[in-house]
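Engineer: When we follow numbering that gives the first Met the number 0, the leftmost residue of the sequence shown carries the number 0, and every step to the right adds one.
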Amino acid sequence: MAALDICDPEHPDHEAARTSLIRKVDLHVLPGLSLLWLACFIDRTNIGNAKVGGMDHSLGLHGNQYNVGLAVFYITYILSELPSNYMLRILGGKIWLPFLVASWGVITIFSGFMKNYASLIVVRLLLGLFEGGLLPVVYLSTMYKRNELQLRVGIFFASASLSGAFGGLLAYGIEMMEGVSRQKGKQWVFFLEGIGTVLIAAFALYYLPSSLEKASFLTPEEREFAVARLKFVPKLNQPALALEGQEGSISSGDQPEATLDDKTAPTPRDPTKFEQEKALPLLNTDGGQDTAPVEKFEMYEVIRAFKEPQVWLTGIGYMSLCVGLYSYSLFLPSIVAGMGFHGTQAQLYSSFPYLPASGLVVAVAFVADKLQLRGPMVIMLLPLTIIGYILGLVATTNTVRYVGVFFMAAGIYPSVPSILCILPNNTAGLTKRSVTTALQLMIANCAGFIATFIYTADQAPQYKKGHSIALAFTCLAWVMLGSNSLYCAWENKARAAGRRDSNIKKYQTLVEAGKTSAPIGDRAPNFKLTL
0 MAALDICDPE
10 HPDHEAARTS
20 LIRKVDLHVL
30 PGLSLLWLAC
40 FIDRTNIGNA
50 KVGGMDHSLG
60 LHGNQYNVGL
70 AVFYITYILS
80 ELPSNYMLRI
90 LGGKIWLPFL
100 VASWGVITIF
110 SGFMKNYASL
120 IVVRLLLGLF
130 EGGLLPVVYL
140 STMYKRNELQ
150 LRVGIFFASA
160 SLSGAFGGLL
170 AYGIEMMEGV
180 SRQKGKQWVF
190 FLEGIGTVLI
200 AAFALYYLPS
210 SLEKASFLTP
220 EEREFAVARL
230 KFVPKLNQPA
240 LALEGQEGSI
250 SSGDQPEATL
260 DDKTAPTPRD
270 PTKFEQEKAL
280 PLLNTDGGQD
290 TAPVEKFEMY
300 EVIRAFKEPQ
310 VWLTGIGYMS
320 LCVGLYSYSL
330 FLPSIVAGMG
340 FHGTQAQLYS
350 SFPYLPASGL
360 VVAVAFVADK
370 LQLRGPMVIM
380 LLPLTIIGYI
390 LGLVATTNTV
400 RYVGVFFMAA
410 GIYPSVPSIL
420 CILPNNTAGL
430 TKRSVTTALQ
440 LMIANCAGFI
450 ATFIYTADQA
460 PQYKKGHSIA
470 LAFTCLAWVM
480 LGSNSLYCAW
490 ENKARAAGRR
500 DSNIKKYQTL
510 VEAGKTSAPI
520 GDRAPNFKLT
530 L
């Protein structure tokens with residue numbers, strides 16, 4: 000590795016070294032993250048299995064108290080998003096993520112001692128406080144190039160859909176411990192799953208790297224090469240944004256399309272503008288890792304994040320999709336119970352729809368990275384979910400209704416990694432990327448206040464009102480994500496035509512006025528947005 004030229008880490012001669020490097024990073028990052036996310040969804044949704052096991056009766060819940068208990072989780076979940084992203088920057092993923100997981104693991108254990116409605120509220124608030132900061136997309140964006148990101152997000156998010164299958168099967172088995180040590184089966188669900196979560200956190204603390212620069216599983220030469228390949232894009236046919244004093248260029252990613260040619264540029268850009276660009280501090284425009292020099296926190300970058308149209312388009316779209324995602328994961332055991340399955344049998348049959356969805360998550364992520372598409376993948380997938388809800392509404396037999404829940408999962412779960420990758424791909428500069436990602440999640444998680452109330456006990460056994468509401472929000476998600484793709488295409492066309500060249504002068508003015516020291520990032524005229 001020492002003989003590798005870090006000035007051109009994408010040279011074809013280095014293909015074997017790149018493959019070996021990515022494999023090492025995969026083996027030391029993805030298993031830990033997947034287990035953390037598996038624990039997250041199991042501990043968040045095990046309350047649905049506990050309800051089927053009679054938890055609501057044991058706690059003396061009545062009316063909509065169970066739904067309120069589900070909803071309060073999202074109050075602290077949303078409020079913890081931004082502070083957690085800040086702590087991730089300070090402590091690094093190796094320390095912060097396992098701390099969060101161990102904390103909610105302990106809370107899950109104590110969930111087994113809930114006695115009444117008040118204790119349910121306290122437990123759910125604490126659980127949301129620590130789970131809200133977990134989603135590790137920002138952490139992953141410091142490990143992989145933008146065209147490598149969705150497959151990795153897909154792999155760890157597949158564990159979310161697997162958690163539905165595994166959690167149901169686990170609850171089915173643990174319920175058999177009814178009476179052991181004078182504890183009820185539903186209590187053992189919380190005890191054992193919480194202990195498992197703490198053990199997973201300990202494993203992640205040992206296994207996860209804090210950053211590529213400090214990854215102990217890489218040699219010093221490999222660490223240098225790993226950082227270089229994320230900062231670097233080879234010289235292309237047209238002049239591009241270059242890092243001052245460094246060979247190569249930084250563009251929108253590792254895509255040749257980021258430069259202008261006769262096919263993509265209706266009007267040629269002024270070559271002198273490229274010379275202006277070369278003098279700017281253009282770190283991190285690739286949408287990959289934000290590496291040294293360390294970017295200072297700036298309120299100006301926070302304001303830029305709030306003004307980013309993609310935050311609101313994808314945030315509202317993701318929120319709409321999460322109405323279906325959260326209600327599905329929380330209420331599927333109850334929906335299946337309404338089809339004639341009861342108790343542990345309902346838990347068992349609620350696990351099966353997640354299995355094909357898990358496979359689709361990884362397959363779609365692989366294709367999305369190959370094609371470098373995000374929004375269009377969602378546009379193609381959500382009709383499956385729409386079909387599922389329609390089947391739930393019009394079906395006259397339980398068999399067809401059960402087929403419908405397979406379709407619901409097949410569209411929802413594979414869509415999520417695509418949405419989660421849009422902002423890490425299309426924003427550059429660590430502060431802006433961290434804030435936009437957190438804002439998107441804060442908006443999206445407002446879905447929890449809707450999803451927890453759309454399926455109520457009085458709708459059993461067919462839950463048509465809940466299906467209708469989830470269907471409407473799924474259609475809204477389809478519209479919003481489609482709108483974001485159209486916006487990105489419009490913006491790319493404007494940049495190709497040279498209509499964003501004035502960004503250079505505007506940025507220079509800000510720097511000279513002392514208003515920012517952040518890199519130009521996604522303001523760079525040749526930064527191409529991923530659709």
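Using N, Cα and C, we set each Cβ at its ideal position, and we do this for glycine too.
Identify the continuous alpha helix (DSSP H) that holds Gly410 and give its terminal residues.
Structural biologist: Start and end: Asn397 to Asn425.
Engineer: Please classify Ser140: does DSSP put it in a helix, a strand, or coil?
Structural biologist: Helix, per DSSP.
Engineer: For the alpha helix (DSSP H) containing Lys563, list its first residue and its last residue.
Structural biologist: As shown, the chain starts at 0 and ends at 530. That puts residue 563 outside it, with no answer to give.
Engineer: Just how far apart, CA to CA, sit Glu511 and Tyr299?
Structural biologist: For Glu511 and Tyr299, the distance between alpha carbons rounds to 15 Å.
Engineer: Give the straight-line distance between the Cα atoms of Leu372 and Pro416, rounded to the nearest whole angstrom.
Structural biologist: Their Cα atoms are separated by approximately 11 Å.
Engineer: Suppose you measure from the CA of Leu392 to the CA of Leu169; what does that come to, to the nearest Å?
Structural biologist: One C-alpha to the other measures close to 30 Å.
Engineer: Any idea what DSSP makes of Asn146, helix, strand or coil?
Structural biologist: Three-state DSSP puts Asn146 in a helix.
Engineer: Helix, strand or coil for Ile41? Go by DSSP, reduced to three states.
Structural biologist: In this structure, Ile41 counts as helix in the three-state DSSP scheme.
Engineer: Work out the CA separation of Pro30 and Asn48 for me, nearest whole Å.
Structural biologist: Each residue's alpha carbon lies about 26 Å from the other.
Engineer: For the alpha helix (DSSP H) holding Pro97, just list the boundary residues, first then last.
Structural biologist: Pro97 -> alpha helix (DSSP H) spans Gly92 to Ser110.
Engineer: In whole angstroms, what separates the C-alpha of Ile411 from that of Tyr138?
Structural biologist: So the alpha carbons of these two residues sit roughly 23 Å apart.
Engineer: Which residues bound the alpha helix (DSSP H) around Gln507?
Structural biologist: Unbroken alpha helix (DSSP H) run through Gln507: Ser501 to Glu511.
Engineer: Closer than 8 Å is the cut-off here; do at least three beta carbon pairs connect the region 432 to 441 with the region 380 to 390?
Structural biologist: Contact fails: fewer than three Cβ-Cβ distances are below 8 Å.
Engineer: How should Phe216 be labelled, buried or exposed, when 16 other C-beta atoms within 10 angstroms of its C-beta is the threshold for buried?
Structural biologist: It is exposed - the Cβ of Phe216 has fewer than 16 other Cβ atoms within 10 Å.
Engineer: Got a sec? Which residues, its chain only, sit under 7 Å from Leu35 by beta carbon, not counting five neighbours each side?
Structural biologist: The residues are Leu96, Val100, Leu133, Ile199 and Ala203.
Engineer: Whole-angstrom Cβ separation of Ser162 and Leu81, contact assumed at under 8 Å?
Structural biologist: Not really, about 25 Å apart at Cβ, beyond 8 Å.
Engineer: Kindly indicate the opening and closing residues of the alpha helix (DSSP H) around Thr515.
Structural biologist: Segment: none, Thr515 is in no alpha helix (DSSP H) and carries neither H nor E.
Engineer: When DSSP labels each residue in this structure, what does His27 get in the three-state scheme?
Structural biologist: DSSP places His27 in helix when its eight states are reduced to three.
Engineer: Can the beta-carbon of Phe189 be found closer than 7 Å to that of Gly111?
Structural biologist: Yes.
Engineer: Determine, using beta carbons only, whether Gln149 and Ala364 come nearer to each other than 7 Å.
Structural biologist: Contact flag set, yes.
Engineer: Can at least three beta-carbon pairs, one atom from the region 117 to 124 and one from the region 205 to 212, be found at a separation below 8 Å?
Structural biologist: The region 117 to 124, when compared against the region 205 to 212, does not touch it at the 8 Å Cβ threshold.
Engineer: In terms of residues, what are the limits of the alpha helix (DSSP H) holding Thr473?
Structural biologist: Per DSSP, Thr473 belongs to the alpha helix (DSSP H) from Lys463 to Ala495.
Engineer: By Cβ distance below 6 Å, which residues in the same chain neighbour Leu282 in space, the five residues on each side in sequence not counted?
Structural biologist: Model confidence at Leu282 stands at a pLDDT of 42, short of 50, so the residue's coordinates are unreliable; what they give is reported in the following sentence. Pro518, listed in sequence order.
Engineer: Go ahead and label Trp489 buried or exposed: buried means 16 or more other beta carbons lie within 10 angstroms of its beta carbon, across all protein chains shown.
Structural biologist: Exposed.
Engineer: Which residue marks the beginning of the alpha helix (DSSP H) containing His56, and which one marks its end?
Structural biologist: Met54 to Ser57 is the extent of the alpha helix (DSSP H) around His56.
Engineer: What are the start and end residues of the alpha helix (DSSP H) that includes Thr343?
Structural biologist: First-last of the alpha helix (DSSP H) with Thr343: Thr343 to Tyr348.
Engineer: Ala164 and Ser350 - do their beta-carbons sit closer together than 7 Å?
Structural biologist: Result yes, Cβ atoms of Ser350 and Ala164 sit closer than 7 Å.
Engineer: Tell me which same chain residues have a C-beta within less than 8 Å of the C-beta of Asn63, skipping the five on either side of it?
Structural biologist: The answer, listed in chain order, is Phe452 and Thr455.
Engineer: Kindly list the residues whose CB is nearer than 6 Å to the CB of Met175, restricted to its own chain and excluding five residues on each side of it in sequence; keep chain order.
Structural biologist: Excluding positions up to five away in sequence, the list is empty.
Engineer: Gly195 and Thr107 - do their beta-carbons sit closer together than 7 Å?
Structural biologist: For Thr107 and Gly195, no; Cβs fall outside 7 Å.
Engineer: For the region 467 to 484 against the region 313 to 320, do three or more pairs of beta-carbon atoms, one drawn from each stretch, fall closer than 8 Å, so that the two count as touching?
Structural biologist: Enough Cβ pairs lie closer than 8 Å, so yes.
Engineer: Would you mind reading off the limits of the alpha helix (DSSP H) that contains Asp536?
Structural biologist: Absent from the model: residue 536. The displayed extent of the chain is 0 to 530, so no value can be given.
Engineer: Apart from the five residues on each side of it in sequence, which residues of its chain come closer than 6 Å, Cβ to Cβ, to Phe330?
Structural biologist: So the list reads Tyr454, once near-sequence residues are dropped.
Engineer: Rank Ser326, His466, Leu324 and Arg151 by C-alpha distance to the C-alpha of Val361 and give the top, closest one.
Structural biologist: Val361 has its Cα closest to that of Arg151, out of Ser326, His466, Leu324 and Arg151.
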